[in-house]
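Colleague:
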Amino acid sequence: MAVRTTSTKPRVSLDRSIERMRKQLTEFAPFLGKGTSTRSLDEFDLEAERLIEELLGQTSDLLHAYEYAELGEAAGLVNMTDEAPEGTGMDSQRQSLLQRGRVLESCVSELEARRSAGTKKSKIVRTLIGPQIAEHMSNEIRNVSQDASLRQAGQLMQEWKLGSLLVTNSQSYVGIITDSVLAREVVAKGLDPNTTVVKTCMRTPVPAIEGDRPIIDAVHMMKERSTRHLAVTQDGQIIGVISVSNILRYYSGIA
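Residue numbering for the sequence shown follows the numbering used here, starting at 797 and increasing by one per position.
#1: What does the Cβ neighbour count give for I906, buried or exposed, with the cut at 16 atoms within 10 Å?
#2: Among A949, R816 and R835, which one has its Cα closest to the Cα of V982?
#3: DSSP three-state label for G831, please.
#4: Do L1044 and Y864 come within 8 Å of each other at the CB atom, strictly closer than that value?
#5: Counting along the chain, where does the alpha helix (DSSP H) carrying Q1033 start and finish?
#6: Quick one: Cα of L900 to Cα of A944, how far?
#7: Look up T877 in the DSSP assignment and say whether it is helix, strand or coil.
#8: List the residues that DSSP assigns as beta-bridge partners of I972.
#9: Between which residues of its own chain and I1005 is the CB-CB distance below 8 Å, once the five residues before and five after are set aside?
#10: According to DSSP, is E845 part of a helix, a strand, or is it coil?
#11: Select from N1042, L810, I1034 and D1031 the residue whose C-alpha is nearest the C-alpha of A913.
#12: For R980 and L961, which I take to be in contact (beta-carbon distance under 8 Å), what is that distance rounded to the nearest angstrom?
#13: Between I848 and the rest of its own chain, which residues show a CB-CB distance below 7 Å, the 5 nearest in sequence each way excluded?
#14: Which residues does DSSP list as the beta-bridge partners of N935?
#15: What residues match up with E981 in a beta bridge as DSSP calls it?
#16: Does DSSP put P826 in a helix, in a strand, or in coil?
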């Protein structure tokens, strides 16, 4: 008879939570071209974030996944292979919308799993640490001399299909140059890519994060510093690079 002592309120609450999340998912359809929305995407995103936080918790991986799906829309400023999930063949805005949809679907699945588990806390608590950054970074470190021209940097990014390069002064890493910086500096400011050297446009110091920190810390740092690329360090030495695409691939695995 012990099982009968469990209150039915958690079940009712989860039923209502699932209903609310499904409604949110239904209301997302117009942004994918299936009907007309009565609100902007920004308004929808704010409501979706609040709902996920309310129903799944502020530390939920799926809340962070949704936030990063939003950031992913800005990740395609320059169409480089490194800046979009592999094999999509679509523009970054469309990919970002689909990513949002997958996260919302996963929220429904998570709530349904909690209901099936009888809301037993030990079965639904997620780890707050999560996978480490080093597990999802790019191990190959590509660099360019600070005295190279912007055209040379752009050609290297194209050749290696990367969105960023670390900058060296022959002794150490002194900065980072990204595809978006090249686009802004060369196009917006009218710089000559043949004569302008990398060190005039590189970002310093190199934005870096320790490889043993959880991947969500990389998400937060990227958002705080308005960057899509971070050097990954171990004991003060750079051992790799993590970018928007690496994190989107990780979250695609969750979602």
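Quick reminder that beta carbons are idealized off the backbone N, C-alpha and C, glycines included.
None of the values given here were measured: they were computed from a predicted structure.
Modeller: Quick look at the numbers:
#1: For clarity, residue 906 is Glu in the given sequence; the question names Ile instead. Buried, by the Cβ-count rule.
#2: Nearest of A949, R816 and R835 to V982, Cα basis: A949.
#3: Coil at G831, not helix or strand.
#4: Yes.
#5: Element bounds for Q1033: not the alpha helix (DSSP H) but the beta strand (DSSP E), Q1033 to S1039.
#6: Straight-line Cα distance between these residues: approximately 45 Å.
#7: Interpretation of T877 is limited by its pLDDT of 34, a score under 50 that renders its predicted location unreliable; no figure is taken from the coordinates.
#8: Residue pairing by DSSP places I972 opposite L962 and R999 in a beta bridge.
#9: Within the same chain, I1005 has close Cβ partners I929, D1013, A1014, M1017, L1026, A1027, V1028, T1029 and I1038.
#10: When DSSP states are grouped into helix, strand and coil, E845 belongs to the helix group.
#11: Of N1042, L810, I1034 and D1031, the smallest CA-CA separation from A913 is found for L810.
#12: 16 Å between Cβ atoms; not a contact.
#13: Residues S856, L858, L859, Y862 and C903 of the same chain have their beta carbon placed closer than 7 Å to that of I848, with the five preceding and five following residues left out of the count.
#14: DSSP output for N935 lists no bridge partner at all.
#15: Under DSSP, no beta-bridge partner is assigned to E981.
#16: Reduced to three states, the DSSP call for P826 is helix.
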